[in-house]
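Everything on this sheet refers to the single structure shown next.
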Amino acid sequence: MLRKTTIQFLRVVIMTIKSILCFSVVTLLALPASAGDFLQGTYVGFTGGLVPNAKEDVSAPGLKSSFKRKLGFNASLNAGKRVHEHVRVQADIGYLRSGLDKIGGEKVKKGSFSAVHVSASVYFDYSLSESFTPFVGIGAGLASFDLGKVTFDDAHFGYPTEKFDVQDSVTPFLKLNAGAAYKLMDNLSVVGEYNFMQSADFEFRQKNAPAGNPDITTSFQSHIAQVGLRYNF
27 MLRKTTIQFL RVVIMTIKSI LCFSVVTLLA LPASAGDFLQ GTYVGFTGGL
77 VPNAKEDVSA PGLKSSFKRK LGFNASLNAG KRVHEHVRVQ ADIGYLRSGL
127 DKIGGEKVKK GSFSAVHVSA SVYFDYSLSE SFTPFVGIGA GLASFDLGKV
177 TFDDAHFGYP TEKFDVQDSV TPFLKLNAGA AYKLMDNLSV VGEYNFMQSA
227 DFEFRQKNAP AGNPDITTSF QSHIAQVGLR YNF
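Going by our numbering, the letters in the sequence shown line up with residues 27 to 259, in that order.
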């Protein structure tokens, strides 16, 4: 069942990425040749915010458990292009990090969960006034997750620390976005945004675990609240 759900999720991600890429290519082909006209409607920005504490389910043959993340942060750079009065496309690159609280019920003394992620999104804007513009969006991307070295309060399999290796170099994810932009001046806006991220399943392994232990399967799901600035050319 888990494998079937993952395959269906990947198909949705791939279809979404293809749609976004096709839309972007058509848009670029329609752009005027001059640099000035090309920058018209283009913007760059950055956002930063909080990743709330959460619990992720983990599973392996004969095992069902979880690991808990502490409150963390996310920081992203973005660039986009308005292709219609109400539509724009945007690319993001970001980094998120959360401390680990527990793994499988064992208290973590020191350790973190992190990811470098890139995504492409389509946004739909609707201006309520000259200065205030709410928006919603949908996107897809790839993330490189990392657990690294974790120190437990008690010895874990006879070791005070444990090294976790993520087996998947990149993992696809979907992203839903909602927020609003408020114009501070002609070229500068402050942006408040909520993101929901859901990744496909990925696997990690305990290096110090007894021989024959299977890989552990989990996924990443999070709500992210961010604020930032956007500069419009």
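For each residue, glycine too, the CB sits at the ideal point set by N, CA and C.
Open item on the list: Given this structure, state the Cα-to-Cα distance separating E111 from S153, to the nearest angstrom.
Closed with: 10 Å
TODO: Locate the beta strand (DSSP E) running through V162, then write down its first and last residues.
DONE: 158-172
Open item on the list: Given a cut-off of 9 Å on the beta-carbon distance, is the pair V196 and G137 in contact?
Closed with: no
TODO: To the nearest angstrom, report how far apart G130 and Q232 are at their CA atoms.
DONE: 12 Å
TODO: Tell whether a beta-carbon distance below 9 Å holds between E219 and G75.
DONE: yes
- [ ] On a CA-only basis, which of A251, D127, E156, D179 is nearest K201? Give me that one, please.
- [x] A251
Task: Distance between V192 and L255 (C-alpha atoms, nearest Å) - done: 34 Å
TODO: Could you pull the start and end residues of the beta strand (DSSP E) that N258 belongs to?
DONE: 247-258
Open item on the list: Checking the sheet assignment: what are the DSSP bridge partners for Y149?
Closed with: R114, G163
- [ ] Can you grab the Cα-Cα spacing for the pair S5 / G174, in whole Å?
- [x] Since the first and last residues shown for the chain are 27 and 259, residue 5 lies out of range.
- [ ] Please report how far the alpha carbon of F246 lies from the alpha carbon of F139, in whole angstroms.
- [x] 10 Å
Task: Test item: CB-CB of F171 and F99 under 9 Å - done: no
Task: Cβ neighbour criterion (16 or more within 10 Å) applied to V70 - done: exposed
- [ ] Note down the Cα distance separating T31 from T243, rounded to an integer number of angstroms.
- [x] With a pLDDT of only 48 at T31, under 50, the local geometry of the prediction cannot be trusted, and no value is derived from it.
Task: Proximity test, Q247 beta-carbon vs the ligand GTP heavy atom, cut-off 8 Å - done: What this structure holds is no ligand at all, so the ligand GTP is not there to describe.
Task: Span of the beta strand (DSSP E), counted from its first residue to its last, around L214 - done: 214-225
Open item on the list: With H, G and I counted as helix, E and B as strand and the rest as coil, what does DSSP make of L202?
Closed with: strand
Open item on the list: Tell me the rounded alpha-carbon separation between A86 and S92.
Closed with: 11 Å
- [ ] May I ask which residues mark the beginning and end of the beta strand (DSSP E) holding S85?
- [x] 80-86
- [ ] Over the uninterrupted beta strand (DSSP E) stretch that includes Q232, give me the two end residues.
- [x] 228-232
TODO: Between the Cα of G205 and those of A226, T159, S248, spot the shortest distance and give me the residue it belongs to.
DONE: T159
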